[in-house]
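Chemist: One structure, pasted below without further comment.
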Amino acid sequence: MNVTGTTVPDSAERPEPSRRATLWSLAVLLVGTAVLYLWNLSANGWANSFYTAAIQAGSQSWKAWFFGSSDMANSITVDKPPASLWIPGIVVRVFGLNSWTVLVPEALMGVASVLLLYVITRRLFGHWAGIGAGAVLALTPVAAMMFRFDNPEALLILLMIAACGALLTAIETGRLRWMIAAGVAIGFGFLAKQLEVMLIVPAMVIVYFVAAPGSWKRRVGHLFAALGSLIVGAGWWVFAVTLWPASSRPYIGGSPNNSILELTLGYNGLGRLSGDEEGSVVPGKGIREQTGRLAEAGFGGGAGGGPGGGGGMWGETGFWRMFDSEQGGQIAWLIPAAVITLVGALVVLGRAPRADGRRAYLLLFAGWLVSMAGTFSYMAGIFHSYYTAALAPAIGAVVAGSVAILWPQREKLWIRAVFAVTTWGTAGWGFTLLARSSEFLPWLRWVVLVGGVVAGALLLVGGVSARQRRLAVGAAAGAILVGLAGPTAYTLDTVATAKDGSIISAGPQTGGPGGPGGHGPGGGHRGGMPGGQMSPGQMPGGGPPGTSGGGPPGTSGGGPPGMSGGGEFGAMGGGGLLSSSEPTEKLTALLREDADDYTWIAAAIGSNEASGYQIATGYSVMPIGGFNGTDPSPTLAEFKQLVVDGKIHYFIGGGGGGFGSREGTASEITDWVESTFTSTTVDGATLYDLSGDTD
-17 MNVTGTTVPD SAERPEPSRR ATLWSLAVLL VGTAVLYLWN LSANGWANSF YTAAIQAGSQ
43 SWKAWFFGSS DMANSITVDK PPASLWIPGI VVRVFGLNSW TVLVPEALMG VASVLLLYVI
103 TRRLFGHWAG IGAGAVLALT PVAAMMFRFD NPEALLILLM IAACGALLTA IETGRLRWMI
163 AAGVAIGFGF LAKQLEVMLI VPAMVIVYFV AAPGSWKRRV GHLFAALGSL IVGAGWWVFA
223 VTLWPASSRP YIGGSPNNSI LELTLGYNGL GRLSGDEEGS VVPGKGIREQ TGRLAEAGFG
283 GGAGGGPGGG GGMWGETGFW RMFDSEQGGQ IAWLIPAAVI TLVGALVVLG RAPRADGRRA
343 YLLLFAGWLV SMAGTFSYMA GIFHSYYTAA LAPAIGAVVA GSVAILWPQR EKLWIRAVFA
403 VTTWGTAGWG FTLLARSSEF LPWLRWVVLV GGVVAGALLL VGGVSARQRR LAVGAAAGAI
463 LVGLAGPTAY TLDTVATAKD GSIISAGPQT GGPGGPGGHG PGGGHRGGMP GGQMSPGQMP
523 GGGPPGTSGG GPPGTSGGGP PGMSGGGEFG AMGGGGLLSS SEPTEKLTAL LREDADDYTW
583 IAAAIGSNEA SGYQIATGYS VMPIGGFNGT DPSPTLAEFK QLVVDGKIHY FIGGGGGGFG
643 SREGTASEIT DWVESTFTST TVDGATLYDL SGDTD
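So the sequence shown is numbered by the numbering used here: it starts at -17 and just counts up by one.
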């Protein structure tokens, strides 16, 4: 016990390996993680071109870097704060734009996350528990996928782990500076993905108040100090954006009224919970109303999902959401093991002092898991399976910490029963998940099931004699292999499969065509629509040159009939809501002609539609309407003035870049351009030269 009263396990209770074994096993963990995350990384191409275009913009313009603008000319930002773009933006500025410079920083954040979780766990439970926690995080399929992608998840996960590590250190030492550090980490997590990071704050507050040393007044004071540092960590950027004159900064993407506070509380806040995300799909309409329109268009989904299991475009909500065919193989392999072992470990720690560091650790990460999984399970708004990557550190921590507490007391029959039930449950659940992808390594599920039955039985009969201890160690090793076999196979499949687009999922395809995974429409090279539906530009068949998806002429990237040029969900000659445009060399060369004479070499509806052209040419392409094509940026009057001023060279037509492109300013601009200028077709893309005279 240290001077603050926090109980730290004595080293005699947790025999440590030799220094040589420690260094070698840690090296295997970290080097293995690095190889896993860097291997075949360039296969992901530009990954999420929506963010890659913003990284490119930030590498050329410090103003775009600060605000997170989609284009170098700062017309509009991405629909998140920019923190996750800052590090890759600097790397690209130094080394140039390519797939590696965009994605390697994400992979290194993954390695750093594994290392940090190891360090935090080792302090309380020893080396092998740290290795276990890090290994579970590294081998979780959805986490491995997101550490190889340029979405905000990589930085978000790293900062959440850092915040929890700082809080646990504050509990151990009683020093205020660690609580301030925890608050700063949460604040910067807000600048990565806004309110998602706040889901772990209730657990942090409760655990610190319960377990920290000192009087309750002192603990409350420390919590308020952490709150202050959180506000500073996030607020400095929000304050700067709020005070910055709107006329000299980019439009705040995702907000109907150009407000970062509106973006925080609406589209990225309460709207995600209720499903009423005004402006996220069509101006003035929420996601619930739009799922019916998607169903009519052939993309599935009825009324928006809601509490109590209502189905919709974003899948079923309810208690079992984390275990369904959309999320189960992504994240849920070890959730049953975490729950069972946690209960056993808390029973063992039942008489521990209030300030016991081990219990604080378990309650903190269990609170993280429950709070975040519960929110994901019942949120009725926009939800993607890759969000669940944020659960991986909590699962790894709870499993590793709980097993470390239970293992020294395995001479007790009930402890051995806990291990046996955990192993059998994990093996049975792994068999179920693997059966969902029945064509993927069909033999593996039987190995997992049989191996789990045998290992669980051996753990149950293991005792205290030397022979029984050796048997128990061998059985434990078998149980670990059984538990990690499924997620490891899914992770390796994820690494071997190209991932790009706005909606992606890990592992092989599950269920019918278009389900999650990497071997079929909806889960491989192009991210799929939720609910097992194909995304625009993914339909089978070959499209004309210059398009990013197949399909017969008259459809947008191979989408359902009736979505031809100017449709809602895809884009003829380019990308669409979920995937980027892929211009040919001829089209790229044309757009580059006289590029230095214009602020924007082109404008297109929606950020993904614009992103491919911008990345290919290296010049600003205006994404009208932002990600969904629904933001009122620019207005028709503003667009006309920019054309008159000679700021924009081309308008790329036929783009349905967002759900709402038939309504709002995007539609008004499209109608005006089509009625005012003459079109020409270049490799399947429709161009309007705006440098000519207007009516």
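From the three backbone atoms N, C-alpha and C, an ideal C-beta is built for every residue, glycine too.
Keep in mind the model is a prediction, meaning the values are calculated, not measured.
Between P490 and F422, how many whole angstroms is the CB-CB distance? I'm expecting something under 8 Å.
Modeler: Indeed, because the Cβ distance is near 4 Å, the residues count as touching under 8 Å.
Chemist: Going by C-alpha distance, which of I462, V202 and G169 is nearest W219?
Modeler: The residue with the shortest Cα to Cα distance from W219 is G169.
Chemist: According to DSSP, simplified to helix, strand and coil, what is F633?
Modeler: In this structure, F633 counts as strand in the three-state DSSP scheme.
Chemist: Residue ranges of each beta strand (DSSP E) run of no fewer than 3 residues wholly in the segment 148 to 179, ordered along the chain?
Modeler: Counting only runs of 3 or more, we get nothing.
Chemist: What residues in its chain sit with their C-beta under 6 Å from that of F659, if we drop five residues either side in the sequence?
Modeler: Taken in chain order, the residues that qualify are Y670.
Chemist: Residues bridged to M128 by DSSP?
Modeler: Answer is none; M128 lacks a bridge partner.
Chemist: For L23, collect the residues of the same chain with a Cβ closer than 8 Å to its Cβ; drop the 5 residues on either side in sequence, then sort them by chain order.
Modeler: Only S81, W82, L85, V86, A89 and R130 meet the Cβ criterion.
Chemist: Could you give the first and the last residue of the continuous beta strand (DSSP E) run that contains W582?
Modeler: Here the beta strand (DSSP E) through W582 covers W582 to I587.
Chemist: So, for I162: in the same chain, excluding its five sequence neighbours on each side, which residues have a beta-carbon less than 7 Å away from its beta-carbon?
Modeler: Around I162: A207, A208 and S211.
Chemist: Suppose contacts are defined by Cβ-Cβ distances below 8 Å. Is Y233 in contact with N240 by that definition?
Modeler: Their beta carbons are under 8 Å apart, which means Y233 touches N240 by this criterion.
Chemist: Can you have a look at E308 and say buried or exposed, based on whether 16 or more other CB atoms are within 10 angstroms of its CB?
Modeler: E308 comes out buried.
Chemist: Within its chain, find whatever has a CB closer than 6 Å to the CB of M361; leave out the 5 residues flanking it on each side and keep chain order.
Modeler: Same-chain partners within the cutoff: R254 and L255.
Chemist: Within 10 angstroms of its Cβ, does R400 collect 16 or more other Cβ (buried), or is it exposed?
Modeler: Checking the displayed sequence, the identity of residue 400 turns out to be Val instead of Arg. Counting Cβ neighbours within 10 Å, V400 comes out buried, since at least 16 surround it.
Chemist: Who are P605's beta bridge partners in DSSP?
Modeler: In DSSP, P605 forms a bridge with A586.
Chemist: Can R201 be considered in contact with the ligand PLP, in the sense that its beta carbon sits closer than 7 Å to one or more heavy atoms?
Modeler: Among the components modelled here there is no ligand, and therefore nothing to report on the ligand PLP.
Chemist: What residue from R449, Y19, W425 and L97 has the CA that sits closest to A9's CA?
Modeler: For the residues R449, Y19, W425 and L97, the minimum Cα distance to A9 belongs to L97.
Chemist: Which value, in whole angstroms, describes the spacing of the CA atoms of K267 and L618?
Modeler: Summary for K267: the model assigns pLDDT 47, below 50, so the residue's position carries little reliability; its value from the coordinates is reported in the next sentence. Distance between the alpha carbons of K267 and L618: 20 Å.
Chemist: Comparing alpha-carbon positions, which option in G608, I72 and V626 lies nearest S51?
Modeler: Selected option, being the one with the closest Cα: G608.
Chemist: Could you check which residue in K622, V187, Y100 and G646 has the C-alpha nearest to that of V118?
Modeler: When each option's Cα is compared against that of V118, the closest is Y100.
Chemist: Look at the alpha carbon of A586 and the alpha carbon of D482, and state the distance between them as a whole number of angstroms.
Modeler: Their backbone Cα atoms lie some 20 Å apart in a straight line.
Chemist: Measure the CB-CB distance between Y368 and I486 and report whether it falls below 8 Å.
Modeler: Yes.
Chemist: With DSSP run on the structure shown, which of helix, strand or coil describes D53?
Modeler: Correct three-state label for D53: coil.
Chemist: Going by C-alpha to C-alpha distance, which of T59, R303, L388 and K45 sits closest to F358?
Modeler: Comparing Cα positions, the closest option is R303.
Chemist: Whose C-beta lies closer than 7 Å to the C-beta of L672 among residues of the same chain, with five residues either side of it excluded?
Modeler: Here the set comprises V625, I630, H631, Y632, F633 and F659.
Chemist: Give me the Cα-Cα distance between A371 and T473, rounded to the nearest whole angstrom.
Modeler: Distance between the alpha carbons of A371 and T473: 12 Å.
Chemist: What does the alpha-carbon distance come out to for the pair M54 and S230?
Modeler: Cα-Cα distance, rounded: 14 Å.
Chemist: Mapping the DSSP letters down to three states, classify V664 as helix, strand or coil.
Modeler: Correct three-state label for V664: strand.
Chemist: Go ahead and pull the three-state DSSP assignment for T323.
Modeler: In the structure shown, T323 sits in a helix (DSSP, three-state: H, G or I).
Chemist: Alpha carbon to alpha carbon, how far is R452 from Y33? Give it in angstroms, no decimals.
Modeler: Using only the alpha carbons, I get a separation of about 52 Å.
Chemist: Just tell me which of A471, I242, I139 and L431 has its CA closest to the CA of G460.
Modeler: G460 has its Cα closest to that of L431, out of A471, I242, I139 and L431.
Chemist: Mapping the DSSP letters down to three states, classify A115 as helix, strand or coil.
Modeler: In the structure shown, A115 sits in a helix (DSSP, three-state: H, G or I).
Chemist: By Cβ distance, which residues of its chain are closer than 6 Å to F172, with the 5 residues on each side in sequence left out?
Modeler: These residues qualify, in order along the chain: V179 and A216.
Chemist: Starting from P614, trace the alpha helix (DSSP H) in both directions and tell me its first and last residue.
Modeler: That residue, P614, is in no alpha helix (DSSP H); it is neither H nor E in DSSP.
Chemist: Given A353, which residues of its chain have a CB within under 8 Å of its CB, disregarding the five upstream and five downstream residues?
Modeler: Going by the sequence as given, residue 353 is Ser instead of Ala. L181, I182, P184 and A185, listed in sequence order.
Chemist: To the nearest angstrom, how far is the alpha carbon of Q176 from that of L245?
Modeler: Using only the alpha carbons, I get a separation of about 9 Å.
Chemist: Could you check if Q38 is buried or exposed, using at least 16 other CB atoms within 10 Å of its CB as the buried criterion?
Modeler: That one is buried.
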